[in-house]
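Residue numbers (our numbering), protein chains in the order written: chain A, 1078 to 1338; chain B, 122 to 634.
Even for Gly, the Cβ is constructed at its ideal location relative to N, Cα and C.
A quick write-up on the structure given underneath.
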């Protein structure tokens, strides 16, 4: 196993001064090059866990380290410039063109103009969008195209780590599958370390090489998809991980019923 | 009509220039103050409420009162920091209007910034923008159309409210309105209203162009609007740059025709000597003496009885000569103000009524009025009812009227004509007393002091020979008949003269020219 790139050490967080805890002693050790999916129901703490990594949320207890260095030792904005962040809301800047959106990260990093211009084309190619869209406004694009731009923007400054919060959650199922596969390929090709929050277990097991199941701010399970799909001692985990199989069985029965009619 | 229009147009370059300079400076100062405040209030919910509440509170103060309040405020502030601040004219107008312009910008600024899509904010944070970068690159550009709409509202308000700066001595398009109201020159009133409305509309349209440009991210419209604004402002303010070389005398006037005519008469004499003159008309009678003592104006005409009771706070009533002598030494000693001399006529506060009605009620003096008073209505000018003279008259003759109402002086005479008022606070030099067949009621108990018109000069001009030489020939030279005639020519309803024309006619009548 490779050395851990991202470590969460007994991380706890309360948003209301200690009455309720969003996170309780979450510890994770994520290797370089890994693709980890955080799954669980709404309110299980998966988004909060993700955001402690780039300091969009400050943990109340414990420590988050990247490359062995505590993230709280770096100013938030500077830390986040080195980490890609993609989320369901996308949040493209409506007053800027697609190209200017993609250029936002490199501009913050102080790249020169020529390098930025070349980078915009490179990223549009990478996320499989025609280069002409660089001149358009985000509002002129479809939802899937917008999230491709969101992905390109997050990747523009060349981060090693990508944090994704329900990145494909708002897309139609076909686009969702397509974009998921496209991202998985990018993850391999660019040697990224990816942490993705999703409530869709099927998406998690098909894209990630490691699945972390959370409930009530705790980690219930943390293993390879295949191992978790095979079964788990915790009934909640077992039930959750069974959903793709149950669904597949139902679909299969439906198909058989339809052909036997 | 044509003549009055011509007179109005002749004054336009200077009034419009001043109006634009004032509105523009106030708007810019307001923006400089309100934009950072709006950002702060948008960031911190705890600051938001007090800031917006304060701005709303300022908005509820009537514009005229807000402007007037800056006079004592600046005087007090000047005393506090041990340095004289100009309490009249540009500075108080600028500050009051700037405050007035803040609310729409604050409100829209807060609404614009807090209204930015949370997802867009999160994206900016996720990319690693600092708070300042997020504000500059994301929040402000997205809030710009909303903020601009606030600026538009502020501009229209400021241009409109700038007409109210006339009474604190800052020339503006309001000079047409205020002097027009006093002299019943409706052409002037309408001209002033129309000019400021056109100015406000033009500014609104050009700012609207900028706003639309910001909204549709259309650089051409932004530039066209901005260019129109800059060009318009430069053209409007160009006449101001031409003036300002010769030594400038500022002559003050209170808010009635006689004062306008006398200020113009003094101004004419100084202009004939080659000096530049500016008149500040429509000053309140409490403000005008302090303005003179502070040097904001150089000279004006006041009345001995007013100075005696209001400035020196005396309640005794000496003889005319003794009062003049005492005023000359006291005003010099206390305020450094020079009393050059009495002009020769008196403008006393006197209660007047229709001759016919006085006869039928058998009223000849104030003493006769007491029994009839409970059935009569008293009309006073805007300050009479709160002046010590009225208190003195009421006490001396035990007068209790059915009702007491305040009018602008012009409307007061009309109220008497229409029967809305039965007794009014007239001025003895008013031409309308004879023209309207009124009688003034004698004051057998001597409750009211003498009101000789006297010329006063500010401390800083005490040794100014040109000014003193222009004023001295006026001493003892204006008989009350000549003054009444001049006043009537301005106040009458038909064939009205402007104060400037009346001043010229008066100069000829008393063989001054």
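Interface partners of residue i on chain B, CB under 9 Å
i                       : result
residue 1190 of chain A : Under the 9 Å cutoff, chain B gives no residues; its nearest Cβ is about 16 Å from residue 1190 of chain A.
residue 1164 of chain A : 240, 243, 244, 247
Residue i in three-state terms, based on DSSP
i                       : result
residue 1085 of chain A : strand
residue 1115 of chain A : strand
residue 1216 of chain A : helix
residue 1151 of chain A : coil
residue 553 of chain B  : helix
residue 1108 of chain A : strand
residue 1158 of chain A : helix
residue 1243 of chain A : coil
residue 444 of chain B  : helix
residue 1326 of chain A : helix
residue 381 of chain B  : helix
residue 547 of chain B  : strand
residue 370 of chain B  : strand
residue 1338 of chain A : Summary for residue 1338 of chain A: the model assigns pLDDT 49, below 50, so the residue's position carries little reliability, and this model does not support an answer.
residue 1090 of chain A : strand
residue 192 of chain B  : helix
residue 181 of chain B  : helix
residue 397 of chain B  : strand
Any chain B beta carbon closer than 8 Å to residue i
i                       : result
residue 1319 of chain A : no
residue 1044 of chain A : What the structure shows of chain A is the stretch from 1078 to 1338, and residue 1044 of chain A is not part of that stretch, so it cannot be assessed.
residue 1074 of chain A : Since the first residue shown for chain A is 1078 and the last is 1338, residue 1074 of chain A is missing from the structure and cannot be characterised.
residue 1185 of chain A : yes
residue 1181 of chain A : yes
Straight-line gap, residue i to residue j (C-alpha atoms, nearest Å)
i                       : j                       : result
residue 1181 of chain A : residue 261 of chain B  : 16 Å
residue 535 of chain B  : residue 456 of chain B  : 39 Å
residue 1208 of chain A : residue 1185 of chain A : 22 Å
residue 249 of chain B  : residue 255 of chain B  : 9 Å
residue 389 of chain B  : residue 419 of chain B  : 15 Å
residue 145 of chain B  : residue 304 of chain B  : 30 Å
residue 464 of chain B  : residue 513 of chain B  : 26 Å
residue 315 of chain B  : residue 291 of chain B  : 19 Å
residue 506 of chain B  : residue 488 of chain B  : 19 Å
residue 223 of chain B  : residue 399 of chain B  : 31 Å
residue 633 of chain B  : residue 613 of chain B  : 24 Å
residue 1084 of chain A : residue 1122 of chain A : 17 Å
residue 187 of chain B  : residue 308 of chain B  : 28 Å
residue 1275 of chain A : residue 1163 of chain A : 12 Å
residue 213 of chain B  : residue 195 of chain B  : 7 Å
residue 1228 of chain A : residue 1255 of chain A : 14 Å
residue 374 of chain B  : residue 380 of chain B  : 5 Å
residue 555 of chain B  : residue 451 of chain B  : 36 Å
Under 8 Å from the C-beta of residue i: neighbouring residues of chain B
i                       : result
residue 1155 of chain A : 249
residue 1158 of chain A : 248, 249
residue 1133 of chain A : 243, 246, 247
With 16 other Cβ atoms within 10 Å as the buried cut-off, status of residue i
i                       : result
residue 581 of chain B  : exposed
residue 1117 of chain A : buried
residue 394 of chain B  : exposed
residue 258 of chain B  : buried
residue 178 of chain B  : exposed
residue 346 of chain B  : buried
residue 138 of chain B  : buried
residue 170 of chain B  : exposed
residue 1309 of chain A : buried
residue 1113 of chain A : buried
residue 532 of chain B  : buried
residue 540 of chain B  : exposed
residue 203 of chain B  : exposed
residue 704 of chain B  : Residue numbering for chain B in the displayed model covers 122 to 634; residue 704 of chain B lies beyond these limits and cannot be assessed.
residue 404 of chain B  : buried
Under 8 Å by beta carbon: chain A residues contacting residue i
i                      : result
residue 398 of chain B : Chain A residues near residue 398 of chain B: none, gap ~54 Å exceeds 8 Å.
residue 351 of chain B : Within chain A, no residue comes near residue 351 of chain B; the closest Cβ sits about 25 Å away, beyond 8 Å.
Interface flag, residue i vs chain A, CB-CB below 8 Å
i                      : result
residue 319 of chain B : no
residue 338 of chain B : yes
residue 650 of chain B : Residue 650 of chain B lies beyond the residue range present for chain B, which begins at 122 and ends at 634; the question has no answer from this structure.
residue 530 of chain B : no
Interface residues of chain A facing residue i [CB-CB closer than 7 Å]
i                      : result
residue 167 of chain B : Under the 7 Å cutoff, chain A gives no residues; its nearest Cβ is about 18 Å from residue 167 of chain B.
Cross-chain neighbours of residue i in chain A, by beta carbon under 9 Å
i                      : result
residue 263 of chain B : 1170, 1171, 1172
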